[in-house]
Amino acid sequence: MHDIRLIRENPTGFDAMLARRGLSGVSSEILALDETRRARITAAEAMLAERNAASKEIGLVRKTGNQEEFEALRARVAEMKDETARLEAEAKAADEALTDLLMGLPNLPLESVPDGADETGNVELRRWGTPREMDFAAKEHFEIPAVAAGLDLGRAAKLSGSRFMMLSGSLVRLHRALAQFMLDTHINENGLTEVWTPVLVRGDALVGTGQLPKFAEDLYRTEGGHWLIPTAEVTLTNLVAGEIVEAASLPRRYTAWTQCFRSEAGSAGKDVTGILRQHQFEKVEMVSITAPEDSDAEHERMTRCAEDILERLGLPYRTVVLCTGDLGFGARRTHDVEVWLPGQGTYREISSCSTCGDFQARRMNARFRREGEKRPEFLHTLNGSGLAVGRALIAVVENGQQADGSVQLPEVLAPYMGGARRILPDGALA
RNA sequence: GGAGAGGUGGCCGAGUGGUCGAAGGCGCACGCCUGGAAAGCGUGUAUACCGGAAACGGUAUCGCGGGUUCGAAUCCCGCUCUCUCCGCCA
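Numbered continuously in full-length UniProt numbering, the first sequence closes out at residue 430.
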């Protein structure tokens with residue numbers, strides 16, 4: 001949500017920023033609504049003040065017992081009541097229209113974000129690692145014998161339809177090991193606080209982080225009215241919703257390992273083989289809550305936390321900064337970390353780290369107070385995957401695949417795999 | 001799921017139709033007092049929005065949303081959350 005005062009002060013600047021995201025000037029409509037809203041509020045309040053004064057007078061008059069004057073005042077107030085109601089309704093209508101409009105507008109990109117129409121405009125920031133030379137044709141994850149032994153897409157489809165998976169044996173253990181390894185690293189090395197959160201939330205929470213009202217079709221909703229979270233960004237960020245926190249408690253750094261649910265509306269035909277894109281998947285999420293002046297550094301730190309996981313796993317990656325055309329709704333700047341997938345011969349997104357500035361904080365009214373200051377200020381919020389567990393699984397097995405159909409596992413996972421370092425072609429650990 | 005009780009300012013807590021943004025207390029800030037501190041005394045102490053250069057004025061807010069009334073913290077309806085008991089349950 002945008003600060004209406006900033007738009008009032010600098011409408012052309014606001015339009016110019018939104019233009020970078022491909023939106024034509026909306027400030028004129030915003031300002032018109034804002035003006036109507038304020039005019040009606042002023043008028044309604046003036047009339048209300050008069051009415052309140054008259055009502056007070058009625059009380060006094062009634063005590064003095066002058067019946068005529070009492071009735072006259074009553075009639076006058078009754079008249080004003082209709083007029084007040086009309087003005088208030090108009091003010092409310094303008095206010096709602098304005099809020100709807102503002103709620104549907106994406107965040108403004110930071111200066112440092114490159115311009116571009118789509119993902120081809122993203123700019124590579126750095127690369128780490130070298131894809132392994134393989135003297136055989138690299139397979140995609142679902143084709144590798146060691147993986148196929150524990151991956152059952154057919155039966156998952158029988159139960160749930162497409163874009164669901166069933167994992168068993170060594171493969172699910174590897175999946176769990178990855179999540180545990182990520183969590184332990186974030187908790188022990190990166191100083192994040194682990195949180196267990198609900199995965200069913202109220203609509204308000206999703207409005208706060210920006211998924212609603214605009215992207216309802218991407219989400220699942222229960223009959224009881226709960227929504228399933230598409231990412232723990234929702235629950236972790238909303239931890240500070242409606243609160244005023246002490247500056248001394250910042251930055252707050254959270255991590256959570258949760259199920260995530262996405263309808264994947266609009267991604268028909270994309271990534272239909274394997275487990276790259278699922279309706280239900282696991283993610284270890286990172287969320288930071290900071291003071292405004294610290295969010296840039298925090299963004300870099302968070303991105304490094306995601307990259308660090310890949311480095312410990314020995315998985316080659318590259319990090320890109322998304323261009324304006326590829327930027328998500330709530331983000332000011334996003335770093336995507338893309339891991340090397342030999343089976344596809346390309347880098348694929350495994351983490352997305354975004355700084356949202358005060359965009360989400362405004363929507364959820366999350367503030368902090370500086371030591372000695374009276375006025376609270378809006379917080380800055382950041383979120384990033386650290387990492388998507390299913391995709392990490394894909395990356396580990398594809399990069400570790402051997403000519404004989406087995407998979408060599410990263411050394412750091414051995415403690416989580418009962419000391420095993422390989423998955424054999426038949427799915428057994430070794 | 002059933003029954004009951006309750007949600008008032010940073011906290012506790014009074015308040016059943018008007019003069020209530022709301023007694024009192026705690027906390028906090030400032031001042032007096034003191035060699036210094038404590039105690040004591042005094043003063044002050046919410047947020048948002050609208051108008052205004054400002055001083056300041058106005059409006060709203062007693063869980064949330066409606067309603068009754070000239071007037072609602074107070075009466076009515078719906079919702080929500082918390083607590084207690086019962087039921088069910090991993």
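C-beta atoms are modelled at their ideal positions from N, C-alpha and C, and glycine is treated no differently. Being a predicted model, the structure only gives us computed values, none of them experimental.
Rounded separation between V234 and P316 - CA only: 29 Å
- With burial defined as no fewer than 16 other Cβ atoms inside 10 Å of the residue's Cβ, what is the status of E298: buried or exposed? buried
(Q) Would you say the beta carbon of P109 is closer than 6 Å to some non-hydrogen atom of the ligand ADP? (A) As far as ligands go, the structure on display features none, and thus does not contain the ligand ADP.
Mind checking who K283 pairs with in its DSSP beta bridge? T258, A388
| query | From what residue to what residue does the alpha helix (DSSP H) around C305 run? | reply | 295-313
*Would you call I275 buried or exposed, if buried means 16 or more other Cβ atoms sit within 10 Å of its Cβ?*
buried
Exercise. Can you name, in chain order, every residue of its own chain whose Cβ lies under 7 Å from the Cβ of A91, other than the five neighbours on each side?
Worked result: Here A91 has R37, R40, I41, A44 as same chain residues with Cβ atoms under 7 Å from its own Cβ, once five neighbours each way along the sequence are excluded.
What are the start and end residues of the beta strand (DSSP E) that includes T367?
In the sequence as presented, Thr is not what sits at residue 367; that position holds Arg. Residue range 367-369 is occupied by the beta strand (DSSP E) that includes R367.
For the beta strand (DSSP E) that contains I244, what are its first and last residues?
244-246
Same chain, Cβ closer than 7 Å to L48, five either side skipped, listed in chain order
T84
Open item on the list: Considering only DSSP beta bridges, list what H226 is partnered with.
Closed with: Answer is none; H226 lacks a bridge partner.
Once DSSP output is grouped into helix, strand and coil, what is the label at R132? coil
| task | Can you tell me which of P425, E300, A241, N66 puts its alpha carbon nearest to the alpha carbon of D358? | result | A241
- Item | D100, DSSP secondary structure in three states | helix
If I follow the unbroken beta strand (DSSP E) through T334, where does it start and stop? 333-341
Do the CB positions of C323 and N122 come within less than 7 Å of each other?
yes
Exercise for review: Output the distance between the C-alpha atoms of S351 and T381, rounded to the nearest integer angstrom.
Suggested key: 17 Å
Who are the Cβ neighbours of E307 in its own chain at under 7 Å, not counting the five residues just before and after it? W128, Y317, T319, V337
Can you tell me which of Q280, T237, G372 puts its alpha carbon nearest to the alpha carbon of C356? T237
What are the residues that DSSP puts in a beta bridge with S352?
D336
Considering only the alpha carbon of each residue, which of S263, R333, N52 lies closest to E300? R333
- Item | CA-to-CA distance, Q408 to R391, given in whole angstroms | 17 Å
Bridge-paired residues (DSSP) for E194
E194 pairs with T255.
So, using beta-carbon positions, are M17 and L102 closer together than 7 Å? For the 7 Å CB-CB criterion, M17 and L102 do not form a contact.
- Message: For the beta strand (DSSP E) containing T319, name the first residue and the last one.
- Response: Residues 317-321.
### Message
Using the three-state DSSP reduction, which class does V172 fall into: helix, strand or coil?
### Response
helix
Check: How about G208 and R362: are their beta carbons less than 7 Å apart?
Finding: Taking 7 Å as the Cβ cut-off, G208 and R362 do not qualify as a contacting pair.
Requested in this report: To the nearest angstrom, report how far apart R348 and A138 are at their CA atoms.
Outcome: 16 Å
Output yes or no for whether 7 Å exceeds the beta carbon distance between G386 and E140.
Pairing G386 with E140 gives a Cβ-Cβ distance that is not under 7 Å.
So for H2, helix, strand or coil by DSSP? Residue state, collapsed to three classes: coil.
Sequence-distant residues of its chain with Cβ nearer than 6 Å to T290 (five each side left out): Within the same chain, T290 has close Cβ partners L250, P251, E298, H380.
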